[in-house]
Every structure is written in C-alpha cells, then in structure tokens.
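Every position in the first sequence, counted from 1, becomes a number in the numbering used here once 14 is added.
To start, the structure under review is shown below, and the notes come after it.
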Amino acid sequence: MSRSDNTHIFLTFALPFTRKMKQKLSEQEAIRREALASLRELDIDPYPAEGYDINASSREIKENFPSDNSLFQDVKLAGRIMGRRIMGSASFAEIQDESGRIQLYFNRDEICPGEDKTMYNTVFKRLLDIGDIIGVKGFVFTTKMGEITIHVKEFTILCKSLRPLPVVKEKDGRVYDAFTDPEQRYRHRYLDLIVNPEVREDFRRRAQLIRSMREFLLNRNYLEVETPVLQPIYGGAAAKPFKTYHNKLETTLYLRIANELYLKRLIVGGYDAVFEFAKDFRNEGMSRFHNPEFTQMELYVAYRDYEWMMGLVEEMIEKIVLDLHGTTSVKTGEHIIDFKRPWKRFTMYGAIEHFTGQDISEMDEGEMRAFAKREGVETDESMGRGKLIDEIFGEKCEPHLIQPTFITDYPVEMSPLAKKHREKPGLVERFEAICNGKEICNAFSELNDPVDQRARFEEQLELGRRGDPEAMVLDEDFLMAIETGMPPTAGLGIGIDRLAMILCNKPSIQDILFFPQMRPEKTGGSDEGKEEFIRAGVPEQWAGLLVQAGIPGIDALKSANPNKVFNQLCGLRKKLKLDIPPPGPEEVKDWIKGESQ
RNA sequence: GACUUGGUAGCUCAGCUGGUAGAGCACGUCCCUUUUAAGGAUGGGGUCCUGGGUUCGAGUCCCAGCCAGGUCACCA
Numbered sequence: 015m016s017r018s019d020n021t022h023i024f025l026t027f028a029l030p031f032t033r034k035m036k037q038k039l040s041e042q043e044a045i046r047r048e049a050l051a052s053l054r055e056l057d058i059d060p061y062p063a064e065g066y067d068i069n070a071s072s073r074e075i076k077e078n079f080p081s082d083n084s085l086f087q088d089v090k091l092a093g094r095i096m097g098r099r100i101m102g103s104a105s106f107a108e109i110q111d112e113s114g115r116i117q118l119y120f121n122r123d124e125i126c127p128g129e130d131k132t133m134y135n136t137v138f139k140r141l142l143d144i145g146d147i148i149g150v151k152g153f154v155f156t157t158k159m160g161e162i163t164i165h166v167k168e169f170t171i172l173c174k175s176l177r178p179l180p181v182v183k184e185k186d187g188r189v190y191d192a193f194t195d196p197e198q199r200y201r202h203r204y205l206d207l208i209v210n211p212e213v214r215e216d217f218r219r220r221a222q223l224i225r226s227m228r229e230f231l232l233n234r235n236y237l238e239v240e241t242p243v244l245q246p247i248y249g250g251a252a253a254k255p256f257k258t259y260h261n262k263l264e265t266t267l268y269l270r271i272a273n274e275l276y277l278k279r280l281i282v283g284g285y286d287a288v289f290e291f292a293k294d295f296r297n298e299g300m301s302r303f304h305n306p307e308f309t310q311m312e313l314y315v316a317y318r319d320y321e322w323m324m325g326l327v328e329e330m331i332e333k334i335v336l337d338l339h340g341t342t343s344v345k346t347g348e349h350i351i352d353f354k355r356p357w358k359r360f361t362m363y364g365a366i367e368h369f370t371g372q373d374i375s376e377m378d379e380g381e382m383r384a385f386a387k388r389e390g391v392e393t394d395e396s397m398g399r400g401k402l403i404d405e406i407f408g409e410k411c412e413p414h415l416i417q418p419t420f421i422t423d424y425p426v427e428m429s430p431l432a433k434k435h436r437e438k439p440g441l442v443e444r445f446e447a448i449c450n451g452k453e454i455c456n457a458f459s460e461l462n463d464p465v466d467q468r469a470r471f472e473e474q475l476e477l478g479r480r481g482d483p484e485a486m487v488l489d490e491d492f493l494m495a496i497e498t499g500m501p502p503t504a505g506l507g508i509g510i511d512r513l514a515m516i517l518c519n520k521p522s523i524q525d526i527l528f529f530p531q532m533r534p535e536k537t538g539g540s541d542e543g544k545e546e547f548i549r550a551g552v553p554e555q556w557a558g559l560l561v562q563a564g565i566p567g568i569d570a571l572k573s574a575n576p577n578k579v580f581n582q583l584c585g586l587r588k589k590l591k592l593d594i595p596p597p598g599p600e601e602v603k604d605w606i607k608g609e610s611q
C-alpha cells in the first residue's frame, strides 16, 4: 500500500492529535503525520524521553579530522536533517547541529546487518523527512568527492517534525531560495534560525556584547542589581508607559520606562556603584529603531561626574568592540566606524556651530526660532529655547555624526534629572554618545540637590497639565531619598539594542531582537469566538461563518455594523456554496443587539 | 500617521492588453550502490491576503480593509 493510499486510515488515527488544528493539513503535513503513525506502528517512539549523549560536534569534526584521520572513529552526534539524497541501498543526508552541518552516509546493509531491512528501507527512506531530528553513531571518513562524512552504523529518531521546512540551498557561497520574507522570519524566528545560520551567529554576537559589558563592570566590582519592572509611579525618562493592574492591591501599575529612580535610591542606600541590564517598555510608535520593549544598561557610580563617565564609556565600548571583532573598527552599512579612544567631543552649541557655521549660544528664544526657520528646521510656538536647541541639533547635527562622538552640555529644560552645569547657566552636565547618526548612550552628573530636583519635577508637572503626555510624574518617595542625601553621582544609560545593531551591522532593530513585536495576525478564527456566538444565540451554522468573516468574538460583533455583517454572511454563503437559507437582516440585527437570547 | 512597494503551492518566485493558475526546490510513486544547490522518469499539491464593485468572464482593472517591508514624520 502506498503512503498516499492509506491517507484516510491515517486521518482517523491522527484525529486526536489534530483537535486544536484550525486549518486543514497540507498534503506534505498529512504525509508526515502518516509517517508518524507508521513509526508508532513499528514500535518506534518518535519522541523518546531519554537523552542522547553526543561526543562530538560537526564543527569539531570538520576542524580536526583533516589533520588526523584516526580521530572520530566512534562518534555520536545529533541534529536536524537538512537534506537527503537517496539512491538504492546507499544514501547521503546532511544534519545540522548547533555548530553547523555535516554529511551522513547510510548504507542499507550496515544499518540493517540481518535479514530485516526495515530500518533502512522503511524508517530511513520513507518515514524520515527533512526537519526531523536524529542521533547517529558511526565513524568519520572522507568521500571520493572529498567531503568529510559520517559513516552511520546506527541512528535513532529523536523527534519527528510535522511541518515542512523552507529548504535553502547553497553552493560555492551562493544561496538559492533563501528564506528571506521578513514577516515570516520574525513571526517564526525558529525557522529563521534553523535555515539561516548567519542569524544564529548575529544573536550569539549580541549575547557576547552583553557578556563583555557585564564582565567589564563586574571586574570593577560594580554591583549588578535588579529593580522593579512593575512600578506604581513610572519615571526616569520622558515616555508614555504601558499600564496594567494588580488585582489584589487594587492598584494601577506601570511597566517601567526606565529604572533610573530606583538605582539612585540604591546609591542613596550606600552602594557606590550599581548597574542593571533592564528591559524597559515604552508605549510609542515603532520603527526600525524602536521596539516597544528594549534593553538598556543603566549604571550609577558615586563620587564621579559626567566627565569621568565619558572616559568609562569610551573604555568600555572599545573593549566590547575588541572582544567582538578583534579590532576597534566595525563595518556598519556604508560606514566603517572606529571606536578607538579617545572619541571626538563637541558641546551641543559647538556641534551646531560646526555643522551650521552659526554660534547660537547667545541667542534668545526669538532669535533662535528665526535661525531654526532659516535652517529649515520645523518649529512651533510651544517650543522653548531648550527644545529649539534640541530640534536644531537633531536636524542639523545628529545624522552627520557617524564616528562615535560625545555631545555635552544640554539645555536644562530637556533634562530634569541632571545636575546644573558647574559653569554654564541654562545647561546641565549631560552627554550623549552619538554613533552612526543615532544616540547610543545618555549620561549625566546626577542631580542630587533635593530642592532643585523638586523644582524640576514641578516644572514637569506643569508640562503635564499643559498636555504633554510624556511629562514626568512627581515621585515623592524618590524625592525623600534625595532629601536623605545622595552623594555626587555619575549615571549612564546605554541602549543595548542600538549598540547591537551597529556591532552586528543590522539596519533594523528587528534583526537583533529574537522576537520583535509584530501586529497579531488575524487568524482564520478561533473556536472560542464561535462558542461565544452560540452562547449569544447565534445559530451554529452562522457562528462559524461570523468567525470566518473576520469577527473574532462577541465584543466585535456588538460593535459591528449589522448591514455589513449581513452582507458578509450572504457573501460567504454564496462563496462557499452553502446549502442553507440566508439569514434575515432582522435576524442579524437581533444577534448584535443580543435580543435573541 | 503620510507616502510607497509587496502579499500567488511548504519555500523562492513568474503570470503580458482581463480568457481553463505556472516554474524551480520540497513532497508522493518507480528506477538507480558515493552525491556536491539540482541522478532519471512520473505524479500530486492553490481561500491567487480579505470583502465589495466593474465585466459574459478578475490572480490581473476599480474601491475599502488587513498584514508586512521601505522612506518620512512622531518619538529617544
């Protein structure tokens, strides 16, 4: 009996497994489930419980076998089948383990030394597929074609895969049929990782970046800490938060937009240096530079100022880049960026003068607005002097700063948590490092004058009252901490994702986050929605169609236009050639109003 | 949010002025004892993103929507 001939048998057999399946299986999926059932009939567990001890990796073999052919004569390794070439009683396959791919050679009479050739003829040739995970035992040799290959004596099925994998071919460094659709890659990152090895490498590099930074900080005896993600008062940055609710406490909580105010409390508490790798959450627009959740490393060091912090940033980033690339130069997009110390430094006024030829430091608000207009920078009346400077800088300078550059001395209005400049009125002791036209870190001499801090919060409250949704909220407990007394402190925040983008040469933040936020796909509909409709009095035959019409649940139905719903149902009835009478328009209205109950 | 490009088989894509949905890989069957992306033969596989409209007829044209990419804006 051929495999396709007993499809119907398989279907009955496999029904319990498909309880939650929403769509019918494609032919290839059906064939795999059929193979799964056949394996079980042969008393082969497609998902064995015990571990599989390996003693080699594909990379070790490829690296060490050529120089010593006596090695790897009793190897055991495991991986996913990525390709198969079957010919009569001999076959080649390719498996991929974490370190790479290696070819396997199967010979029928060695896999099956006795009379029973089932393991080769049936299990290997017919019941295994690309995507399955197997373990193999055997010895390494080189084929006539010069390919390092494992001669398999024994194999074990470790996991049967039920879905076909995108098959990417490669020859002489050229890739064919690459799995490239970004939507598919991000939504199903596991597939991306399986078939695009360079993606696995990028994320390893990101992990190395974090490890290298942590190492640098721990070597200086800085304390790694953890502070709340759920915060009753959000603060430490200008951003819109995500809001949630704690049932038992009956209180609103926010996902943190920053951890600054908590880390400073720890400095008040007597630690001299604390840092945290923090996931922060900002409820704002998304772009290739912005994901709603992102990672930031924040660091606070007592008895230091922002001048000192610039030195630390240079040293730390230079070390990280060296750890990752073995050199201080990194290619990113069009540019080669050199992180070698020391980095260029500009004051904000200096940078504006450098790029526009105009010294604006002595201008008042009116002159500055006029200047901005001349330079083609958009302004509006609500912008004060500080905001204007920021706009001009963002428009005329930031995009041109490709090599790592410190910009220092920001307007006080933009920086309610930074200490006033020791010499220059109206400015604060703050710097950002700009690289590849984007900010990669933000730091200041932290404001520890409690009276000044309270006044700055008051200004923010005023902004909030005027409707600025990102104005900071007054955090009374934080002020109490500052009133208790915080030593002079230098603080730093580094955007890990943006740094990773540069160091991994990725133009989009989605490429250095495993699971970037995506808009949920509209599914074909769920059983839950259908159940809801039935409970609400919709006849079963129509309940399913409502889901199919893109109305996921009862709430959506309640707010839908009855005429449109009626039209959609009639359309679907016609399209699917259903042999049931159309619903009356009144009937549909009743469902929506919920009067049919 | 604006503009723009795209959505067709498991994957990568073609499909002309509107006329019975195609290729390669993958998959099934048969043949074949060492292949280098692809051995040979043969066969199956589609909600052409969704819904309307125009038309004798829509993958194709029009409208609306959904999802994604890019650019810009907003935003750090």
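Just so it is clear, CB atoms sit at the ideal spot from N, CA and C, and this is done for glycine as well.
Do MET323 and ALA504 have their beta-carbon atoms positioned less than 7 Å apart in this structure? What you label residue 504 is simply residue 490 of the first sequence in a count that begins at 1. What you label residue 323 is simply residue 309 of the first sequence in a count that begins at 1. Yes.
Taking only three categories from DSSP, how would you classify ILE510? In the first sequence, counting from the first residue as 1, residue 510 sits at position 496. Assigned with DSSP and collapsed to three states, ILE510 falls in helix.
For HIS165, does the three-state DSSP call read helix, strand or coil? Against the first sequence, residue 165 aligns to sequence position 151. Judged by DSSP in its simplified three-state form, HIS165 adopts strand.
Report the partner residues of THR136 according to the DSSP bridge assignment. The residue you call residue 136 lines up with position 122 of the first sequence. Beta-bridge pairing links THR136 to no other residue.
Beta carbon of PRO439, beta carbon of ILE403: below 7 Å? For the purposes of this step, residue 439 is taken as residue 425 along the first sequence, with counting starting at 1. For the purposes of this step, residue 403 is taken as residue 389 along the first sequence, with counting starting at 1. The Cβ-Cβ distance between PRO439 and ILE403 does not fall below 7 Å.
On the three-state DSSP scale, how would you describe VAL442? Stepping through the first sequence from its first residue, residue 442 is reached at position 428. Here VAL442 sits in strand by DSSP.
On the three-state DSSP scale, how would you describe PRO413? Translated into the one-based positions of the first sequence, residue 413 becomes position 399. The answer is helix: DSSP assigns PRO413 an H, G or I state.
DSSP three-state label for PRO196, please. Your numbering for residue 196 matches position 182 in the first sequence. In this structure, DSSP gives PRO196 a helical state, which the three-state scheme calls helix.
Option in ILE334, GLU392, ASN69, ILE366 with minimal Cα separation from LEU415: On the first sequence, position 401 is the one that residue 415 refers to. The candidate whose alpha carbon is nearest that of LEU415 is ILE366.
Can you tell me the Cα-Cα spacing of ASP352 and ILE68, whole angstroms? Numbered from its first residue, the first sequence carries residue 352 at position 338. Numbered from its first residue, the first sequence carries residue 68 at position 54. Their Cα atoms are separated by approximately 42 Å.
Cα separation between PHE308 and SER343? Translated into positions along the first sequence, residue 308 becomes position 294. Translated into positions along the first sequence, residue 343 becomes position 329. PHE308 and SER343: Cα-Cα distance of roughly 25 Å.
Inter-residue spacing [alpha-carbon to alpha-carbon] between VAL437 and PHE407: Residue numbering aside, residue 437 sits at position 423 when the first sequence is read from its first letter. Residue numbering aside, residue 407 sits at position 393 when the first sequence is read from its first letter. The sequence given here has Glu at residue 437, not Val. Roughly 21 Å between the two C-alpha positions.
So, helix, strand or coil for ALA63, using DSSP? Stepping through the first sequence from its first residue, residue 63 is reached at position 49. In this structure, DSSP gives ALA63 a state outside helix and strand, which the three-state scheme calls coil.
Where PRO62 falls, given that 16 or more other Cβ within 10 Å makes a residue buried: Here the question's residue 62 lines up with position 48 in the first sequence. With fewer than 16 other Cβ atoms inside 10 Å of its own Cβ, PRO62 counts as exposed.
Would you tell me roughly how many angstroms separate the C-alpha atoms of ARG214 and GLN417, rounded to the nearest one? Position 200 of the first sequence, counted from the first residue, corresponds to residue 214. Position 403 of the first sequence, counted from the first residue, corresponds to residue 417. Those two C-alpha atoms are separated by around 28 Å.
Which residues share a DSSP beta bridge with ASN121? Looking up residue 121 in the first sequence gives position 107. Within the DSSP bridge table, the entry for ASN121 names ALA104 as partners.
Please list the terminal residues of the continuous alpha helix (DSSP H) segment that includes GLN467. As a first step, residue 467 is located in the first sequence; it is residue number 453 there, counting from the start. It spans 464-479 - the alpha helix (DSSP H) in which GLN467 sits, taken as one unbroken run.
Would you report the Cα separation of PHE613 and ILE421, rounded to the nearest angstrom? Outside the displayed range of the chain (15 to 611) lies residue 613, so it cannot be described from this structure.
With respect to the beta strand (DSSP E) encompassing GLN310, which residues constitute its N-terminal and C-terminal limits? As a first step, residue 310 is located in the first sequence; it is residue number 296 there, counting from the start. Residue range 307-316 is occupied by the beta strand (DSSP E) that includes GLN310.
I need the straight-line Cα distance from ARG228 to LYS333, nearest angstrom please. What you label residue 228 is simply residue 214 of the first sequence in a count that begins at 1. What you label residue 333 is simply residue 319 of the first sequence in a count that begins at 1. Just so you know, the alpha carbons of ARG228 and LYS333 end up roughly 11 Å apart.
Tell me, please, whether the segment 304-321 touches the segment 469-486 by the rule of three or more beta-carbon pairs shorter than 8 Å. Touching, no.
Taking the alpha-carbon positions, what's the LEU176 to LEU141 distance? Position 162 of the first sequence, counted from the first residue, corresponds to residue 176. Position 127 of the first sequence, counted from the first residue, corresponds to residue 141. The straight-line gap separating the alpha-carbon atoms of LEU176 and LEU141 is approximately 11 Å.
Exposure label - ASN456; buried when at least 16 CB within 10 Å: Residue 456 sits at position 442 when you count from the first residue of the first sequence. Flag for ASN456 reads buried.
Mind the definition here: the segment 216-232 touches the segment 258-272 only if three or more C-beta pairs lie below 8 Å; say whether that holds. Three or more Cβ pairs closer than 8 Å define a contact, and the segment 216-232 falls short of that threshold against the segment 258-272.
When you compare only the Cα positions, how much space is there between LEU118 and PHE155? For the purposes of this step, residue 118 is taken as the residue at position 104 of the first sequence. For the purposes of this step, residue 155 is taken as the residue at position 141 of the first sequence. Note on geometry: alpha-carbon atoms of LEU118 and PHE155 lie some 10 Å from one another.
Residue interval of the beta strand (DSSP E) (run including THR361): Here residue 361 refers to the residue found at position 347 of the first sequence. Where THR361 is concerned, the enclosing beta strand (DSSP E) starts and stops at 358-361.
Taking only the alpha-carbon atoms, compute the straight-line gap between MET35 and LEU231 and give it to the nearest angstrom. For the purposes of this step, residue 35 is taken as residue 21 along the first sequence, with counting starting at 1. For the purposes of this step, residue 231 is taken as residue 217 along the first sequence, with counting starting at 1. Residue placement at MET35 is flagged as unreliable, the pLDDT there being 37, under the threshold of 50; a coordinate-derived value is accordingly withheld.
Terminal residues of the alpha helix (DSSP H) in which GLY149 lies: Counting from 1 along the first sequence, the entry for residue 149 is found at position 135. Not the alpha helix (DSSP H): GLY149 falls in the beta strand (DSSP E), residues 147-156.
Expressed to the nearest angstrom, what Euclidean distance is found between the alpha-carbon atoms of LYS354 and GLU405? Start at 1 with the first residue of the first sequence, and residue 354 comes out as number 340. Start at 1 with the first residue of the first sequence, and residue 405 comes out as number 391. Each residue's Cα considered, the two are about 29 Å apart.
May I ask which residues mark the beginning and end of the alpha helix (DSSP H) holding HIS260? Here the question's residue 260 lines up with position 246 in the first sequence. Here HIS260 belongs to no alpha helix (DSSP H); instead the beta strand (DSSP E) covers 256-260.
Grouping DSSP H, G and I as helix and E and B as strand, with all else coil, what is PRO211? On the first sequence, position 197 is the one that residue 211 refers to. DSSP places PRO211 in helix when its eight states are reduced to three.
So what's ASP541 in DSSP terms, helix, strand or just coil? Within the first sequence, numbered from 1, the residue matching residue 541 stands at position 527. Its pLDDT being 45, under 50, ASP541 is placed unreliably by the model, and the measurement read from it follows with that caveat. In this structure, ASP541 counts as helix in the three-state DSSP scheme.
Does the beta-carbon distance from PRO501 to TYR285 come in below 7 Å? Locating residue 501 in the first sequence gives position 487, counting from the first residue. Locating residue 285 in the first sequence gives position 271, counting from the first residue. Contact flag unset, no.
CB-CB under 7 Å to LEU441, same chain, minus the five flanking residues each way: which ones, in chain order? Numbered from 1 along the first sequence, position 427 holds the residue referred to as residue 441. Non-local C-beta neighbours of LEU441 in its own chain, meaning closer than 7 Å and more than five positions away in sequence, comprise ASP423, TYR424, PRO425, VAL426, HIS435, ordered along the chain.
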